[in-house]
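Chemist: This is the structure I want to talk about, given as structure tokens.
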Amino acid sequence: MRLMANLIVSFRKETDDENASGIDMLNFTKFDVLEVIIKQLTKKEDGHERAGLKMRFGFLLQKAVKAMKGYFIMKGEFDQEADMTRFSDVFDVNWNFIFTLLKLSVNKREEVFGSHLLCQLKMTFQLSGIIFWKKWRNK
3 MRLMANLIVS FRKETDDENA SGIDMLNFTK FDVLEVIIKQ LTKKEDGHER
53 AGLKMRFGFL LQKAVKAMKG YFIMKGEFDQ EADMTRFSDV FDVNWNFIFT
103 LLKLSVNKRE EVFGSHLLCQ LKMTFQLSGI IFWKKWRNK
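The numbering of the sequence shown is our numbering, which starts it at 3 and goes up by one.
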């Protein structure tokens, strides 16, 4: 929820509309504004992007669109549901450009971190085994 709140607050600042809601943010005509906001929120001090955070924003937006589409269908507001479908289509088209390279970067980092973590666990297990063996031998 904090991520969505950050998006909405930044959207309000960017569009100079203090009354803008999450539904206004998910308007397909405002997708370029949303893209700029995501870039601003995920930028590090050194100019690089925080890939994991950007991926979280992407998945959050996918979930939000699905939830709003379901809500509008249940309420019988098919015009607004059609707008959510349009946003979803625009989002899907731009997903590859915005998020695919980041996903590769995140996966690469997880491979490196995962193997490093596995080595640490293995070393810890080996050391604890040695300590246990020394204690057992001295009994």
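Note that CB positions come from ideal geometry on N, CA and C, so glycine has one too. In this text the structure is predicted, and so the values were computed from the model without any measurement.
Could you pull the DSSP bridge partners for residue 45 from this structure?
Modeler: For this step, residue 45 is matched to residue 43 along the sequence shown. Note: residue 45 sits in a beta bridge opposite 51.
Chemist: Report the rounded CA-to-CA distance for residue 7 versus residue 24, giving the unit in angstroms.
Modeler: Position 5 of the sequence shown holds residue 7. Position 22 of the sequence shown holds residue 24. Straight-line Cα distance between these residues: approximately 9 Å.
Chemist: Over what stretch of residues does the alpha helix (DSSP H) that includes residue 17 continue unbroken?
Modeler: For the purposes of this step, residue 17 is identified with residue 15 of the sequence shown, where counting begins at 1. Its alpha helix (DSSP H) spans residues 4-17.
Chemist: Rounded to whole angstroms, how far is the Cβ of residue 39 from the Cβ of residue 62, which I believe are closer than 8 Å?
Modeler: Along the sequence shown, one-based indexing puts residue 39 at 37. Along the sequence shown, one-based indexing puts residue 62 at 60. Residue 39 to residue 62, Cβ: 13 Å. No contact.
Chemist: Name the two residues that bound the continuous alpha helix (DSSP H) containing residue 87.
Modeler: Locating residue 87 in the sequence shown gives position 85, where the first residue counts as 1. Where residue 87 is concerned, the enclosing alpha helix (DSSP H) stretches over 80-97.
Chemist: Going by the beta-carbon positions, is the gap between residue 43 and residue 55 smaller than 9 Å?
Modeler: In the sequence shown, counting from the first residue as 1, residue 43 sits at position 41. In the sequence shown, counting from the first residue as 1, residue 55 sits at position 53. The answer is yes: Cβ separation under 9 Å.
Chemist: Please return the same chain residues whose Cβ sits closer than 8 Å to the Cβ of residue 80, not counting the five positions on each side in sequence.
Modeler: By one-based count along the sequence shown, residue 80 stands at place 78. Hits under 8 Å: 74.
Chemist: Which of the three DSSP states, helix, strand or coil, is assigned to residue 37?
Modeler: Reading the sequence shown from its first residue, position 35 is the one you call residue 37. It is helical.
Chemist: Within its chain, find whatever has a CB closer than 8 Å to the CB of residue 93; leave out the 5 residues flanking it on each side and keep chain order.
Modeler: The count along the sequence shown starts at 1 and reaches residue 93 at position 91. Closer than 8 Å at the Cβ level, and outside the excluded window around residue 93, lie 33, 63, 64, 67.
Chemist: Quick test of your reading: residue 13 and residue 22, contact by CB under 8 Å. State the CB separation rounded to the nearest angstrom.
Modeler: The residue labelled residue 13 in the question sits at position 11 within the sequence shown. The residue labelled residue 22 in the question sits at position 20 within the sequence shown. Confirmed, Cβ separation roughly 6 Å.
Chemist: Let me confirm a value: residue 18 is counted as buried when at least 16 other C-beta atoms fall within 10 Å, else exposed. Which label applies?
Modeler: Residue mapping note: residue 18 aligns to position 16 of the sequence shown, counting from 1. So residue 18 counts as exposed.
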